[in-house]
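*Asks:* Residue numbers (our numbering): 73 to 507.
Glycine is no exception: its CB is placed at the ideal position from the N, C-alpha and C atoms.
As the structure is a prediction and not an experimental result, all values here were calculated from the model.
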């Protein structure tokens, strides 16, 4: 019996008669590593930095240290990683009052105290200074310019620290190739205008694709800004297809991200024989509605144009009301060419929704693109059906009902299955390049 994760539950899948599951295999042919705790992996990583000096050579008592952490839209195990780096810093003579923990929100909304406690772990808020980055703040510090000419400013606590370390997760990303690494600076602690210009300029570039770093201008600019900001170290983890931490890396931002991307490609790579008419994909580990576009983008790589994407999710919250309003406006103004309309808007420097977070605009862009090219079925018992229908998605509360309806439309179909939304789907010819 096939199964995937939906929210926190394992859901069994029984394909309709006439539907054939195509074979897939993990790219990593080696047996799974023995499970090692995240704290132990973090301690070991700090001892052997990649492309940088050992921490003890850089840390000096009395100097300010900034630790930049990602927010709840990512699944970095901060509760396990953060105490290890804090203990290491204090063992090297850094006083607690010289440490700033900065939440790199980018253009995301601030987190509540309860969310911060859940993210960082018990006691951190009481013992350390924790602040949340504001991309609109007036005291951001200039560090350089984008290739397009706009000045980039970053969080002052990080800019003025004697030592800065970014914590995050390296995982396949639809525009940056792989997340983590330099993204903890740009966009995480950068100013709104620079983030806006960068994302509008490079989101639609042909090289800005999932799992690609080679000719990716979007990524190249992100890395260059991190270098301009002089982020000293990255402490990043890599997950596998079982949603376990397979590795923790520490060292220079460029080297950690390069090596982490290689590991992520192997650990999260899933090889498919060919595109199918239907792809069933779990949204796990993504729970926020706007993050659901990431597994849809991934699944589209192994689905025939005009095919069906079936997304299993258990989102927390719902889509913002203006999400569907933008869809309806684009549908009216695009003359039916919604994907081209969205692409043209970005290339002409126009957000789909001005004064809205950049991540929401990117989610809109990919939602419009998927809606244009595929039939999108969302199986989620909590998401509002009317909102999903308004954006052109087909809502269902139960998987069996969704499969039965799709089988009436497609009595015979080849099917690909993605068990997690953070997988990197590769067709056989792409995967062959790894061997």
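On a CA-only basis, which of 137, 315, 152 and 285 is nearest residue 201? Give me that one, please.
*Replies:* 137
*Asks:* Does residue 415 come out as helix, strand or coil in the three-state DSSP assignment?
*Replies:* helix
*Asks:* Kindly give me the distance between the Cβ atoms of residue 77 and residue 354, rounded to whole angstroms, as I take these residues to be in contact under 8 Å.
*Replies:* 5 Å
*Asks:* Pick from 157, 126 and 188: whose alpha carbon is nearest that of residue 145?
*Replies:* 188
*Asks:* Can you tell me the Cα-Cα spacing of residue 464 and residue 415, whole angstroms?
*Replies:* 18 Å
*Asks:* Between which two residues does the beta strand (DSSP E) carrying residue 468 extend?
*Replies:* Counting along the chain, residue 468 sits inside the beta strand (DSSP E) bounded by residues 466-468.
*Asks:* Buried or exposed for residue 245, going by 16 or more other Cβ atoms inside 10 Å?
*Replies:* buried
*Asks:* Write down the C-beta distance between residue 196 and residue 304 rounded to the nearest angstrom, noting that I regard them as a contact closer than 8 Å.
*Replies:* Between residue 304 and residue 196 the Cβ distance is about 21 Å, and since that is not below 8 Å, they are no contact.
*Asks:* Please classify residue 177: does DSSP put it in a helix, a strand, or coil?
*Replies:* coil
*Asks:* Under three-state DSSP, which class holds residue 288?
*Replies:* coil
*Asks:* Inspect the beta-carbon positions of residue 175 and residue 147 and report whether they are closer than 8 Å.
*Replies:* no
*Asks:* Here's the rule I'm using: 16 or more other beta-carbon atoms within 10 Å means buried, otherwise exposed. How should residue 420 be labelled?
*Replies:* exposed
*Asks:* Between the Cα of residue 357 and those of 490, 113 and 155, spot the shortest distance and give me the residue it belongs to.
*Replies:* Residue 490 is the option with its Cα nearest to residue 357.
*Asks:* Which residue from 387, 385 and 351 puts its Cα closest to that of residue 373?
*Replies:* For residue 373, the closest alpha carbon among the candidates 387, 385 and 351 is that of 351.
*Asks:* Would you kindly work out how many angstroms separate the C-alpha atoms of residue 231 and residue 213, rounded to a whole number?
*Replies:* In this model, residue 231 and residue 213 are separated by some 7 Å (Cα to Cα).
*Asks:* So, are the CB atoms of residue 398 and residue 424 less than 8 Å apart?
*Replies:* yes
*Asks:* Among 235, 221 and 500, which has the Cα closest to the Cα of residue 133?
*Replies:* 235
*Asks:* Looking only at DSSP bridge pairs, what is residue 488 linked to?
*Replies:* 351
*Asks:* Taking the alpha-carbon of residue 500 as reference, which of 344, 181, 471 and 487 has the nearest alpha-carbon?
*Replies:* 344
*Asks:* List, from N- to C-terminal side, the alpha helix (DSSP H) runs of 4 residues or more that fit wholly inside the region 100-165.
*Replies:* List check, alpha helix (DSSP H) in window: 110-119, 127-130 and 150-163.
*Asks:* Is residue 508 helix, strand or coil by DSSP?
*Replies:* Here the chain covers residues 73 to 507 and nothing more, so residue 508 does not appear.
*Asks:* Cβ of residue 482 within 8 Å of Cβ of residue 435?
*Replies:* no
*Asks:* So what does DSSP say about residue 321, is it helix, strand or coil?
*Replies:* It is a strand residue.
*Asks:* Assuming residue 82 is part of the beta strand (DSSP E), what are its boundary residues?
*Replies:* Residue 82 -> beta strand (DSSP E) spans 81-85.
*Asks:* Check whether the region 250-257 touches the region 285-302, taking contact to mean three or more Cβ pairs, one atom from each stretch, closer than 8 Å.
*Replies:* yes
*Asks:* State the CB to CB distance for the pair residue 178 and residue 225, rounded to an integer number of angstroms; the pair is presumed to be in contact (CB under 8 Å).
*Replies:* Rounded, the Cβ-Cβ distance is 13 Å, inconsistent with contact.
*Asks:* Residue 387 by DSSP, collapsed to three states: which one?
*Replies:* coil
*Asks:* Counting pairs of Cβ atoms below 8 Å between the region 372-386 and the region 78-87, do you hit three or more?
*Replies:* yes
*Asks:* If you run the structure through DSSP and keep just helix, strand and coil, what is residue 223?
*Replies:* strand
*Asks:* Under 7 Å: does the beta carbon of residue 360 sit that close to some heavy atom of the ligand MN?
*Replies:* Only the bare structure without any ligand can be found here, which leaves the ligand MN out of the picture.
*Asks:* Could you tell me if residue 74 is buried or exposed, where buried requires 16 or more neighbouring beta carbons within 10 angstroms of its beta carbon?
*Replies:* exposed
*Asks:* Straight-line CA distance for residue 338 to residue 210?
*Replies:* In a straight line, the C-alpha of residue 338 is about 42 Å away from that of residue 210.
*Asks:* By DSSP, does residue 217 sit in helix, in strand, or in coil?
*Replies:* When DSSP states are grouped into helix, strand and coil, residue 217 belongs to the strand group.
*Asks:* Are the beta-carbon atoms of residue 124 and residue 323 separated by less than 8 Å?
*Replies:* Yes, the Cβ-Cβ distance between residue 124 and residue 323 is below 8 Å.
*Asks:* On the three-state DSSP scale, how would you describe residue 449?
*Replies:* strand
*Asks:* What residue range is occupied by the uninterrupted beta strand (DSSP E) comprising residue 344?
*Replies:* Per DSSP, residue 344 belongs to the beta strand (DSSP E) from 341-344.
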